[in-house]
Amino acid sequence: MNLPLHAQLINLFAALLLLLAFAMLTQRRIRSLINLFALQGFVLVLSTAVVAYSTDQLHLYVSAGVTLGLKVLLLPWIMHHLIRALNVRWDVETTIDIPSTMLIGIVLVIFAFNLAAPISQFAGTITKSTLGIATACILLAFLMMITRRKAVSQVIGFLAMENGLFFAATSATYGMPMVVELGIALDVLVGTLIFGVFFFHIRETFESLDIHHLEKLKER
Amino acid sequence: MDLPLIQAAIQPVDAAVTLAAAWIALGVIGLAFMRAPQVVTGIVFPAGALVSLALAVTGLWAISASPSSAILPAGLPDLPFHVRVDALSGFFLLLLGGVSFGISLFSAGYFRGTAAATLGLLNLQYHVFLASMAFVLIANDAYLFMITWESMALSSYFLVTTEHHDEGNRKAGFIYLLVAHIGAIAILLCFGVLDGGRGDYTFDALRGADLTGFWATVAFLLAFFGFGAKAGMLPLHVWLPEAHPAAPSPVSALMSGVMLKTAIYGMVRFFYDLIGVIRWEWGLTVLLVGAATSLFGVLFALMQHDLKRLLAYHSVENIGIILIGIGLSMVFIGSGHLVPGVLGLIAGLYHTLNHAVFKGLLFLGAGAILKSTGLRNLNEMGGLIRYLPHTALYFLIGALAISALPPLNGFVSEWLTFQASLQAPLLQSSVVRSLVPIVAAVLALSGALTGMCFVKVYGIAFLGQRRHEFETAPREASRWERAGMLWLALACFALGLLPVFAIGELNKVAIAITGIGLGEEAMASGWLWLAPTTGAQASYSPVVFLLVIAAVFGLTFLVVRYFYHGRLRRSDPWDCGFPEQTARMQDSADAFGQPIRQIFEPVYRIRREIPRADDREPVFRQSVEDRHWYAMYLPIARFSEFLSSRIGKVQQGRISIYLLYSFLTLIALLVFAQ
Amino acid sequence: MNVTGGSVFQVLQSVLVVLIAPLMLGWVNQCRAWLQNKSGAGIWQPYKVLNKLFHKDVVLAHGASPLFRATPYILFGCMWLAVGIVPVLATSLPFAPAADVIALVGLFALARVFVSLAGMDVGTSFGTLGARREMMIGFLAEPAMLMTLFTASLISQSTSLVTIVETLGQRELVIYPSMAFAAVAFLMVLLAENARIPIDNPATHLELTMIHEAMILEYSARHLALIEWATSLKLTAYVAIGIAIFVPWGIAAAGDWAALPLALAALALKLLAAGAGLALLETVSAKMRIFRAPEFLGTAFLLATLGMLTHFLLER
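Here it is in structure tokens:
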């Protein structure tokens, strides 16, 4: 099996993305979580750049630049600033313990791989097998959102999900239309800012960012 | 094997029948000589051992010979007993004979000292048990099969409840018989499905039946359930940890070592031979159940402090490993890849033989400990290596073998199973292709956990300081007992160091069942190197292993003494400044299992009794229980009690009502006959 | 491969690796010292320690059994065999077919079981503590290692180390993502099995924090020397396995005298780099609480399994 170099690189980046998604799933410290997210963004930038180089699509370079600015630099900076202001350092114990989380993660990965297998037959690119990995990254990020207790980690899960979507788009279909691209980027940025505002409100009301306190808001 | 003169006269089947009948005869003779226990232990049991050896030789002969069958003059006039010995039966006869040889030798020494009446009955039940197992392996029609299956269950029930004054033993026997019969019903139904209403129950006729997809799957499920109940697979394993410890130790060895394997024989016979066409979905079921069983068995074994119960849970685990091998084989054969399928089958059958040998050895060791010291609880043992050096050596060999460590036999079958699982890329279905590595991972995990468990068992029982004060120092096992254990230990070495011979024989069995074997390159590397596919792909040489380690051992010993010196002096162990080290400061069996208890807590159902802070005599109790009792068996038991109490209302107790029932039935029949 | 050439290479490899293993340990310790701004004891220190220990008299506990006395030799023998099998200098050595990757893992398991039993032999609390913890680490590390090696086996369609090295080394540079997972998992297993930080501190003197050291607490003199030597051999063997699988370039074919200097130079370079990297990793990490260790190893196990799954998907 001798794929051309750029396809091998994309496969490698896909594997790294999956590795980072798992690493984020098991991280307890929120600072490391944000750094891993930034690293994931960086791998995404590299992967987009390789796709851009191999297919000569200039708009993907722009896309990579936007991702670099947004996901590697701006958003992690905002998150770091937030956690310093909110004085959140560590996550408490996750809802289910870490080994079980990883086991469920593996099951999700198998599920994603099997789901993507027939679909990737129809994709037109060489790196269609990465669709399974992208799906797996999305599912793992979702799992992370479910099992975390501090609100900040959930936001990171949401952003990581978007990373997975972006990767799926660039590797399987050679990017999305620029308009869609910019729109999503703007949504993500605005979303994060709104989340940040909400964090302060939650903290003021409940004196903590543990989302279990939000359950007090139910009717009975 | 070509002995033309003898071959014309005697077939393997005749030898097998004669030997099995000899066992029954020995049982009766022992009963007759009940008043003279020395005759029973000194002559009858050794004679039974000789019969075992002859049966093993017959089995080995039968693997190479062509299938032979006969019709026995026993049975009903229209339903005579058919018997047949082919390569598969031959292999299991070899297993039965070889392992029971060691166990019968051990029993000759172990049962010395039991009361005469008990001994006579025990002898009868023991030999009838052996004979029933032999007949199960050679039965060629459903009728004989079910009769001997039943007699196997009954004779072992009586053996299990030998010490029936203990209520725990009685309950264990009850559960055992219950699950055995549930399994037997399933097997009977399976025979019915295979027969398809034609009325001819010989295996030849059943083989010829052409089942549609649905009925074939029904037959598979019934056979899997029925034989699985006897083998002790999840979730029908609950009787194993109760029944095996309750029986006398040689009987436990026989039950764990050989009886569970008759269930595996049944599975192989039914899936590969009688049902014939294997589907990969069945293989996947067997594979997953096997993986779950093996992990479950070893996790619970780590929690036990009763030595025999621990060994029983390990039997559950090893049955799981055998099922993994067979499941892999069925998946490959069902997908059309026959050679990896044969590799998986050989791996499963090899593990069957290995487990019989080392589990028999371990149970015999436990029996020797029990006889010498009266101890069964690991928390009370310790330092036994000083009193029972021979038993300690044999038990060490058994422990290393079951932990799948090279160069002993347990490793070879695990190695073969891994090799079979690495053929997974050949499969098409991506679900199965992803599941096989998971199963390989589970297998590796249970192998590693087994090693941990046996470090615990050996370290706590034999090593360290003694935790129990003996009035008289325990004496080493008698010569018969040591002979039995030595035989099985040598078998562990032989099967581990010379796997190529064993695989050659198993290859013949595989050819007999599936029609193809491993291929010429498998045997081409010679007796020293095991390379089932090709040498470049995978090879293993246990002899080189052992020789290099032994050579380095000896060389280092000599070189160090030559260049430096060999001086030594004795002293107290390091006590870190504590004034007095007692035996209580060592780990107990439960303490050694604490990391596992903590890591795998959701798997167990742990009940703790913690004393209050102001308790004058604080007691801490902890029991680890099987969830299956509470999740599965208790609800089923309650439901059946509920049903039977409802139905019980039919029994009013008044005679007029019963007469009314008869009257109504009579009227109904008269109406129906019209 | 001619027989005499192969045998000479075999002897050369076995003897050489056994002799330089303490040097590897010395190098790692020296790098650690430099990174911590100390001057260190010198790279030859382990040899001096071994010499000192061999000169001493054995002090044996009263209750020690023959198993206790035999274990150091068995351990040394196992590790010697391990470095004889791993293609450190050359492939296709005469002993190499004796064991494939599964048997290699089994060999390490054999050594671990014997040393744990020896730890339980004297009947003190430290020995049993060490044995219990060592088996706890072992039961997760062994499957993780096996899965890592299986990933390499699936790529080269063989479990024989020789074939793996030849397949991965002599092909042109192909990037296998599953090997990325396997590499991370292998590194974690290496740290755990060789009792390095973050699992266990090899330089600790606090008994309650020990894992490996607690098991061998009762050993002295030549027995301890052999065990220390075997420990350094184990580290070298693990590093050699990692090199053989992940950076296999430069390994000669047996009997090929022309390629031997290059193989020696490549080996030296790789071992130096590995030792420095290990020291760096140990310096920047902190030792974990004992019950975080199963999580650590569980992560390694799951990563290795994930590597295998990735192979099935991406590298059909």
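Chains as they are written, first to last, in our numbering: chain Z, 1 to 220; chain L, 1 to 674; chain C, 1 to 316. All residues carry an ideal CB built from backbone N, CA and C; glycine is no exception. Quick caveat: nothing in here was measured; it's all calculated off a predicted structure.
Close CB contacts of L53(L) within its chain, under the 6 Å cut and outside five residues either way in sequence, are with F101 (chain order).
In this model, Q537(L) and L416(L) are separated by some 13 Å (Cα to Cα). Note: N163(Z) is not bridge-paired with any residue in the DSSP secondary-structure output.
Contact annotation for S430(L) against chain Z: F113, N114 and A117 [CB-CB distance below 8 Å, chain order].
Its chain contains G183 and A263 as the residues whose beta carbon lies nearer than 6 Å to that of K230(L), once the 5 sequence neighbours on both sides are disregarded; these appear in chain order.
Assigned with DSSP and collapsed to three states, S285(C) falls in coil, not helix or strand.
Check the Cα spacing between P177(C) and each of I133(Z), Q40(Z) and A151(Z): the tightest is with I133(Z). If one requires a minimum length of 4 residues, the alpha helix (DSSP H) runs lying completely within the region 73–124 of chain L are 87–110, in chain order.
Below the 9 Å Cβ cutoff, chain C contributes no neighbours of G191(Z), its closest Cβ being approximately 30 Å away. Not flagged as an interface residue toward chain L: P177(C), since no C-beta distance is shorter than 8 Å. One finds S434 in chain L with Cβ atoms closer than 7 Å to the Cβ of I110(Z), taken in chain order. For H62(C), the residues of chain L that pass the 9 Å Cβ criterion are R570, S571, D572 and P573, in the order they occur in the chain. Flagged as an interface residue toward chain L: T128(C), by a C-beta distance shorter than 8 Å.
Taking every protein chain shown into account, the CB of F501(L) has fewer than 16 other CB atoms within 10 angstroms, so this residue is exposed. A Cβ-Cβ separation of about 15 Å leaves R475(L) out of contact with G383(L) under the 8 Å criterion. Sequence-distant Cβ neighbours of V122(C) in its own chain, meaning closer than 8 Å and more than five residues away, are A61, G63, A64, F68 and E218. Per the coordinates, the alpha-carbon of I657(L) lies some 42 Å from the alpha-carbon of L159(L). For T556(L), the chain C residues whose C-beta falls within less than 8 Å of its own C-beta are Y73, F76, G77 and L226, listed in chain order. If you check the CB distance, L53(C) and V101(C) do not come in under 8 Å. Between the alpha carbons of I324(L) and Q622(L) lies a gap of roughly 33 Å. Assigned with DSSP and collapsed to three states, E625(L) falls in strand. Ranking F76(C), A183(C), A41(C) and S285(C) by CA distance to the CA of A244(C) puts A183(C) first.
About 5 Å separates the CB atoms of A230(C) and F76(C); that is less than 8 Å, so the two are in contact. Interface criterion not met: the Cβ of N163(Z) is under 8 Å from no Cβ in chain C. Of the residues L187(C), S285(C), G307(C) and W249(C), the one whose Cα lies closest to the Cα of A265(C) is W249(C). Not one beta carbon of chain C lies nearer than 8 Å to the beta carbon of L143(Z). Rounded to whole angstroms, the separation of the alpha carbons of L302(C) and I137(C) is 15 Å.
Here DSSP, grouped into helix, strand and coil, assigns I71(L) to strand.
Cβ-Cβ distances below 8 Å link A141(C) to V189, A192, E193, L297 and A300 in the same chain, with the five nearest sequence neighbours on each side left out; the list follows chain order.
The alpha-carbon separation between L490(L) and S256(L) amounts to approximately 19 Å. Per the DSSP secondary-structure output, K150(Z) pairs in a beta bridge with D210(Z).
D14(L) carries a helical assignment under DSSP once its states are collapsed to helix, strand and coil. In the DSSP assignment, V238(L) falls outside any beta strand (DSSP E), carrying neither H nor E. When the Cα atoms are used, E242(L) and L311(L) turn out to be separated by approximately 11 Å. In summary, E163(L) is exposed, with fewer than 16 beta-carbon neighbours lying within 10 Å of its beta-carbon over all protein chains present. With contacts defined as CB atoms closer than 8 Å, L497(L) and P542(L) qualify as a contacting pair.
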